[in-house]
Structures are given as C-alpha cells and as structure tokens.
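Q:
Numbering (our numbering), first residue to last: 623 to 721.
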C-alpha cells in the first residue's frame, strides 16, 4: 500500500500492477497489469542499452503531488494536472519512436 499524507488527510492506495524486482539487488525492473495484457512497463533505469534522447520533458499528475515536491519545470516542458490525453504508444509514434 502507498500512503500519502497532505493537509491532514491520510489515504491508502492499492496498486493494481504486478511489480517485478531483481533477485540480486532488489531493483524494480518492470511492472505488468492484467487490464492491459499486451503491455509491459519496464523501468527506464533498468534498461542497459543506450536510449535515444527524448525531444521533450513531460510532467504529469501535478495536481496530486505532495506539497513538499518542487518539480524542476523547464520553460518548454509540458505540464499536466492529471494524465495527458495522449497515450504513451501514440506519443512514441508521433515522435518517431514507434515500430
């Protein structure tokens, strides 16, 4: 369970993802959710091949961040209070990263 406390309120959330970790160091490697069986969500820091430089930075879920988080927002960064309307797959295709 994830616990957040802000403005005197406490709520608990149960993740719907199955999370998978390295058996040697415990690092989070990837997540899976049976609601989307065709998708696997790798943690970018667990990918050991060179990745292309992203053409932009996106900050999302800013409307529910805890009060002590200060996002490092650049002048051209995209900002969303919740999730953006564009899916990850569509963003990758629009930016030339699709298959």
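A virtual CB, placed ideally from N, CA and C, is assigned to each residue, including glycine.
For residue 661 and residue 681, which I take to be in contact (beta-carbon distance under 8 angstroms), what is that distance rounded to the nearest angstrom?
A: The pair is not a contact, with the Cβ atoms about 22 angstroms apart (cut-off 8 angstroms).
Q: Give the list of continuous alpha helix (DSSP H) stretches no shorter than 4 residues that lie fully inside the region 685–719.
A: Within the region 685–719, the complete alpha helix (DSSP H) runs of at least 4 residues are 710–716.
Q: Rounded to whole angstroms, what is the Cα-Cα separation between residue 641 and residue 649?
A: Cα to Cα, residue 641 sits roughly 10 angstroms from residue 649.
Q: Report yes or no: do three or more beta-carbon pairs, one from the region 673–687 and one from the region 701–720, lie closer than 8 angstroms?
A: Segments in contact, yes.
Q: Give me the residue from 697, 657, 654 and 670 with the minimum Cα distance to residue 679.
A: The residue with the shortest Cα to Cα distance from residue 679 is 697.
Q: CB-CB under 8 angstroms to residue 690, same chain, minus the five flanking residues each way: which ones, in chain order?
A: So the list is empty, once near-sequence residues are dropped.
Q: Can you give me the C-alpha to C-alpha distance between residue 667 and residue 651, rounded to a whole angstrom?
A: Between residue 667 and residue 651, the C-alpha separation is close to 8 angstroms.
Q: Determine the closest residue to residue 636 out of 663, 655 and 643, with distance taken between C-alpha atoms.
A: For the residues 663, 655 and 643, the minimum Cα distance to residue 636 belongs to 655.
Q: Does the Cβ-Cβ distance between residue 717 and residue 677 come in under 8 angstroms?
A: The answer is yes: Cβ separation under 8 angstroms.
Q: Give the single residue among 644, 709, 693 and 658 whose Cα lies nearest to the Cα of residue 669.
A: That would be 644, whose Cα lies nearest to the Cα of residue 669.
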